[in-house]
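What the sequence shown shows, in the UniProt record's numbering, is residues 1 to 480, in sequence order. The beta carbon of each residue, even a glycine, is placed where N, CA and C say it ideally should be. The structure appears right after this line, and notes come after that.
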Amino acid sequence: MSATLNNQRGTVKAGWALAVIVTGVLVAAVDTTIVILALPTMMRALHANLAAIVWVIMAYLLVITLLATQVGRLGDMFGRVRMYELGFLVFVLGSFLCGVSQTQDMLIGFRVLQGIGGALISANSGAVITDTFPPEKRGRAYGFTSIGWNLGAILGILLGGVITTYVSWRYIFLINVPIGLAAVLVAWFVLRDRGERVSRRMDWWGMGLLGSGLFLVLLTMIHATSHAFTVRMGLIFLAGIVALAIFVWLETRLEHPLMHLQFFKNRIVSASLLAAFFQAVGNYAVLFLVIMYLQGLRQLTPLSASLLLVPGYLVGGVLGPISGRLADRVGSAIPATVGLGIQAVAMFLYAHLGLHNPLWWVTGISIVNGMGNAGFFPANNTAVMKGAGRGEYGIASGMLRTFANIGMVLSFASAMFVAATQIPRQLAFAIFVGTTALRGPLMTAFNHGMHTAFYLAIILMLVAAIFSLLRGRTPSVSQS
Numbered sequence: 001m002s003a004t005l006n007n008q009r010g011t012v013k014a015g016w017a018l019a020v021i022v023t024g025v026l027v028a029a030v031d032t033t034i035v036i037l038a039l040p041t042m043m044r045a046l047h048a049n050l051a052a053i054v055w056v057i058m059a060y061l062l063v064i065t066l067l068a069t070q071v072g073r074l075g076d077m078f079g080r081v082r083m084y085e086l087g088f089l090v091f092v093l094g095s096f097l098c099g100v101s102q103t104q105d106m107l108i109g110f111r112v113l114q115g116i117g118g119a120l121i122s123a124n125s126g127a128v129i130t131d132t133f134p135p136e137k138r139g140r141a142y143g144f145t146s147i148g149w150n151l152g153a154i155l156g157i158l159l160g161g162v163i164t165t166y167v168s169w170r171y172i173f174l175i176n177v178p179i180g181l182a183a184v185l186v187a188w189f190v191l192r193d194r195g196e197r198v199s200r201r202m203d204w205w206g207m208g209l210l211g212s213g214l215f216l217v218l219l220t221m222i223h224a225t226s227h228a229f230t231v232r233m234g235l236i237f238l239a240g241i242v243a244l245a246i247f248v249w250l251e252t253r254l255e256h257p258l259m260h261l262q263f264f265k266n267r268i269v270s271a272s273l274l275a276a277f278f279q280a281v282g283n284y285a286v287l288f289l290v291i292m293y294l295q296g297l298r299q300l301t302p303l304s305a306s307l308l309l310v311p312g313y314l315v316g317g318v319l320g321p322i323s324g325r326l327a328d329r330v331g332s333a334i335p336a337t338v339g340l341g342i343q344a345v346a347m348f349l350y351a352h353l354g355l356h357n358p359l360w361w362v363t364g365i366s367i368v369n370g371m372g373n374a375g376f377f378p379a380n381n382t383a384v385m386k387g388a389g390r391g392e393y394g395i396a397s398g399m400l401r402t403f404a405n406i407g408m409v410l411s412f413a414s415a416m417f418v419a420a421t422q423i424p425r426q427l428a429f430a431i432f433v434g435t436t437a438l439r440g441p442l443m444t445a446f447n448h449g450m451h452t453a454f455y456l457a458i459i460l461m462l463v464a465a466i467f468s469l470l471r472g473r474t475p476s477v478s479q480s
């Protein structure tokens, strides 16, 4: 009787633990997209310019990208749950300060603080799952985190439009405060550090080189969407590339690097990381390109455009746990690679969107893309954790998010850059934030540019699929 009662209590506690982890993933995901539809309102309220206000998005993404492996390292050193809970507190503080910001500089600065909290949450979530759940249940747990990411994407788009329209743009940040505080309270009671503590050193040189390199590259890409590309900007771009090259060179020589490139001696982990990177570069541009298509070419409002994409995210969220369970049974290679193939099909269908396709066609393609996402993410996450040693779960989880986040920021910037290559630069920003619509010949030109971008996305998905296959067959739970 007592054994049954203890099992029931353990099940309930595990359920609460998973709920906290999924909540953390969800709020971090929400804040990668929630500000997109609020940009015009924020720009007017803060008297900002477009070139500056876009960094409200980019600052958050860049900080998460830069800190993913470092805060994963802190989790290995001081406890993953402790760092996870600290991440919630920092995230709540940053959200509150963003909500009360009075200038664009304050908002960008506090988004950096919010990004630090988001990095602590996202980089340690995978490792917390690994410490909390036995091997035969991890795939399903990762599947539920896939739900968190998908719901975060849905809520980020919808809440950004609804709250900005009917309440105030400030509440897209302030809404995080009660949610975050409640999650911290629950986490305090249900999560416990169980992993091995490993002494690590911070790689400040690596952080500086990676951060400056990415910042300079992104700066020139975003600048080129609204200004002519000059020799000065070319030199800045080159400096960013050089910084990234030095970063890679340095990381191979440090005893405690920011990125543990010895993982690339492990075929399963290295192939999974590269698959995540190329999938992110190809996939995250889709949201922005399709929204620009619906706003600029089809002249829908931002909120109406986002509603057409919601079913795809819902399908992805529902199928995520099923894919995770399948990865537990047959290994990661098959579901992850099939998922990437499905996404390549979705990109092909997007590439054939014209000016007169029925709008339900967009929803149908988004559902296909959601199915591909559901196949890839849980299986790929499981492969990384199975390939890493137990004392390196935090680093592996952080590296996975870093590679995906680098792909995300490059995807975001390249989506804007593609628009600027086909239409006047001053209109590209306006279309992106929904302040104007395309007319006449510009429609055809922009549509052609979108087709080119989607064909590029197909190539990126196929490259990701190749790496997914190259990792080989990861062991199923029964084989382990």
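- The alpha carbon of V463 has as its nearest neighbour, out of Q279, S332, H356, the alpha carbon of Q279.
- By the criterion of a C-beta distance shorter than 6 Å, V30 is surrounded in its chain by G152, L155, G156, once the five residues flanking it on both sides are discounted.
- By the beta-carbon neighbour count (other beta carbons within 10 angstroms, threshold 16), T103 is exposed.
- Counting every other CB atom within 10 Å of its CB across the protein chains shown gives H352 a total below 16, marking it as exposed.
- Taking 7 Å as the cut-off, the Cβ atoms of G213 and A183 do not count as close.
- Put simply, the backbone Cα of T132 is about 28 Å away from that of G370.
- Excluding five sequence positions before and after G354, the CB atoms of its chain that fall closer than 8 Å to its own CB belong to N447, given in chain order.
- The beta carbons of L210 and F263 sit no closer together than 7 Å.
- Comparing alpha-carbon positions, the option among G312, R329, F277, V315 lying closest to I466 turns out to be F277.
- Boundaries for G79: no alpha helix (DSSP H) harbours it, and the DSSP string shows neither H nor E there.
- The beta-carbon separation of L294 and T164, rounded to 18 Å, does not stay under the 8 Å limit for a contact.
- The beta-carbon separation of G160 and I172, rounded to 6 Å, stays under the 8 Å limit for a contact.
- A contact is defined here as three or more CB-CB pairs under 8 Å, and the stretch 317–330 fails this definition with respect to the stretch 252–262.
- Counted as a single uninterrupted DSSP element, the alpha helix (DSSP H) harbouring S125 occupies residues 104–132.
- In the three-state DSSP reduction, M202 falls in the coil class, being neither helix nor strand.
- Listed in chain order, the non-local C-beta contacts of A336 below 6 Å within the same chain comprise F376, A379, N380, S468, local neighbours out to five positions each way being set aside.
- Within a 10 Å sphere around the beta-carbon of A68 sit 16 or more other beta-carbons, which makes this residue buried.
- Spanning the alpha carbons of V310 and I459 requires a straight line of approximately 25 Å.
- Of the candidates T230, M461, G387, M43, M461 places its Cα closest to the Cα of V338.
- Taking the C-beta atoms as reference points, G99 is found nearer than 7 Å to R170.
- Burial check for N49: the Cβ neighbour count within 10 Å stays below 16, so the residue is exposed.
- Pairing V384 with G331, the inter-Cα distance amounts to about 12 Å.
- The straight-line gap separating the alpha-carbon atoms of G407 and L218 is approximately 12 Å.
- I147 and V22 do touch by the CB rule: their CB atoms are close to 7 Å apart, below 8 Å.
- Secondary structure within the stretch 254–336: the alpha helix (DSSP H) runs of 4 or more consecutive residues, fully enclosed, are 267–292, 302–307, 310–330 (chain order).
- Relative to the Cα of G87, the nearest Cα in the group G115, L61, L191 belongs to G115.
- Rounded to whole angstroms, the Cβ separation of Y350 and F454 is 5 Å, and the two are in contact under 8 Å.
- Secondary structure of H352 (DSSP, three-state): coil.
- Ranking V167, S125, T452, P134 by CA distance to the CA of W149 puts S125 first.
- In the displayed model, P358 falls within coil according to three-state DSSP, outside both helix and strand.
- Cβ neighbours of L274 within its own chain (closer than 8 Å, five residues either side excluded): F403, A464, F467.
- With a cutoff of 7 Å on beta-carbon distance, R471 and A327 are scored as not near each other.
- Listed in chain order, the non-local C-beta contacts of V92 below 8 Å within the same chain comprise G117, N176, V177, G180, L181, V184, local neighbours out to five positions each way being set aside.
- Assigned with DSSP and collapsed to three states, T402 falls in helix.
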